[in-house]
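Taking full-length UniProt numbering, I'd label the letters of the sequence shown as residues 1 to 107.
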Amino acid sequence: MTQSPAFFSASVGDSVTITCQASENIYNYLAWYQQKQGDPPKLLIYSTNSLANGVPTRFSGSRSGTQFSLKISGLQSEDVASYYCQQYNSNPPTVIQVMTKITQENR
């Protein structure tokens, strides 16, 4: 599993897309997590595009073949965090090591 980009800055209101590339077919067995400093990871999306309970609808997930995407439509200040994907098609579940860190940019 590879994820990109590793780090970028964005402003409130921006649309942000993070991609995760699998090396083989993992079907829809992919989840996205958000982690804020000092907090445990929070599940955002499971089964590629299903929102976890309480997750705002500005978060969405999609798949094209073995490439998976997490989109944040209208970034909010509380979305500043690290994001990562996890495949659970095969055991053990694989969490990619490089997280995508979003920081807030002042314009």
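Backbone N, C-alpha and C define an ideal beta-carbon position, used for all residues, glycine too.
Computed from a predicted model, the values in this text were never measured in an experiment.
In the DSSP assignment, residue 16 falls within the unbroken beta strand (DSSP E) covering 15-21.
Collapsing the DSSP output to three states places residue 73 in a strand.
Within the same chain, Cβ atoms closer than 6 angstroms to the Cβ of residue 68 are found at 20, 30, the five residues on either side in sequence being excluded.
For residue 61, the beta-bridge partners assigned by DSSP are 70.
The alpha-carbon of residue 38 is positioned some 31 angstroms away from that of residue 23.
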